[in-house]
Amino acid sequence: MMGDYRSERLEKYVDDLAAKLPAPGGGSVVALVGALGVGLLSMVSNFTLGKEKYKQSEEEIKKILDRSEDLRERLTELVDEDIRVYGKVSSAYKLPRATDQEKKVRSQAIEEACKDALTVPMEVARCCTEGLNLARRLVEIGNVRLVSDVGVAAGLLEAALKGAEFNVNINLKVIEDRDFVEEKKKAIGSFVKDRLKIKDEILKETKDKIENIT
């Protein structure tokens with residue numbers, strides 16, 4: 253359960269996801285969905301570069317491509333990283349609790365493991381927020397023949413961002429450090445507050461451009 257799916261076939265990941273296994277689960281999936289979303293942005297950027305029609309936007313497209321590739325790499329890493337941090341949480345819950353001292357040690361271990369586990373969905377949220385902002389620009393200046401792919405990317409990134417928010421909030425439920433909890437709630441809130449507005453703007457632009465293709 254350590255997680256090393258980057259070198260596995262897609263079928264292996266999907267089979268393990270569907271099976272009665274502790275991981276991969278929703279945290280890993282939202283990272284994968286985010287990686288697919290920014291992967292589409294890279295594809296659209298690659299199909300835009302080098303075309304005379306989009307020459308005036310070439311430098312900006314290159315910058316979008318550089319960032320989308322960085323995000324794709326990071327989100328792909330997080331697919332496995334989520335599985336590894338879940339393993340630490342699972343191990344903490346398995347600690348003995350027969351005595352008061354054991355219960356105290358176990359509670360502290362669970363708290364620390366859950367705090368550590370939050371780093372993954374928070375990072376997914378950060379990456380997907382940046383990805384949505386890239387998509388908002390790419391839908392305006394990218395290859396119009398692939399505008400539907402930008403729309404798909406926006407839907408994936410918004411879904412992954414919402415999923416990351418769910419994962420943050422459920423982990424916060426078992427953490428007793430109230431200052432930490434409030435800090436993370438504020439942080440995840442800053443990532444997700446505009447996600448629907450941005451996605452809807454992208455989807456409207458996508459729809460309008462598709463209707464005007466001749």
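Numbers 253 to 466, taken from my numbering, label the letters of the sequence shown in order. Glycine residues also receive a C-beta, built at the ideal position from the N, C-alpha and C atoms.
**OP:** Return the chain-ordered list of same chain residues with a C-beta closer than 6 Å to the C-beta of Gly291, the five sequence neighbours on each side being excluded.
**Re:** Arg324
**OP:** Measure the C-alpha to C-alpha separation of Ala474 and Ala369 and round it to an integer number of angstroms.
**Re:** The chain is shown only over 253 to 466; residue 474 falls outside these bounds and no answer can be derived.
**OP:** Would you mind working out which of Lys445, Leu398, Ala412, Phe418 sits nearest Thr328, comparing C-alpha positions?
**Re:** Ala412
Original post:
Could you give the C-beta distance for Leu284 and Val331, rounded to a whole number, given that I count them as a contact under 8 Å?
Top reply: About 5 Å; that satisfies the 8 Å criterion.
Original post:
Ordered along the chain, which non-local residues of its own chain (more than five positions away) have a Cβ less than 8 Å from that of Thr458?
Top reply: Val391, Val399, Ser400, Val402, Gly403, Ala406
Original post:
How close, in whole Å, do the beta carbons of Asn298 and Leu273 come, if the pair is a contact with beta carbons under 8 Å?
Top reply: The pair is not a contact, with the Cβ atoms about 36 Å apart (cut-off 8 Å).
Original post:
Do three or more CB pairs link the stretch 304 to 311 to the stretch 340 to 350 at distances below 8 Å?
Top reply: no
Original post:
Is the distance from the Cβ of Val341 to the Cβ of Ala365 below 8 Å?
Top reply: yes
Original post:
For the stretch 413 to 421 against the stretch 435 to 447, are there 3 or more C-beta pairs whose distance is under 8 Å?
Top reply: yes
**OP:** Return the Cβ separation of Val426 and Gly279 in integer angstroms, given the expectation that the two are a contact with Cβ distance under 8 Å.
**Re:** Wrong, their Cβ atoms sit about 15 Å apart, outside the cutoff.
Original post:
Between Lys356, Ala361, Asn385, Lys367, which lies nearest to Ser320 when the distance is taken from Cα to Cα?
Top reply: Asn385
Subject >> Backbone CA spacing between Met253 and Ile335 [nearest angstrom] >> reply: Reliability of the predicted coordinates at Met253 is poor, the pLDDT of 48 falling under 50, and no value is obtained from them.
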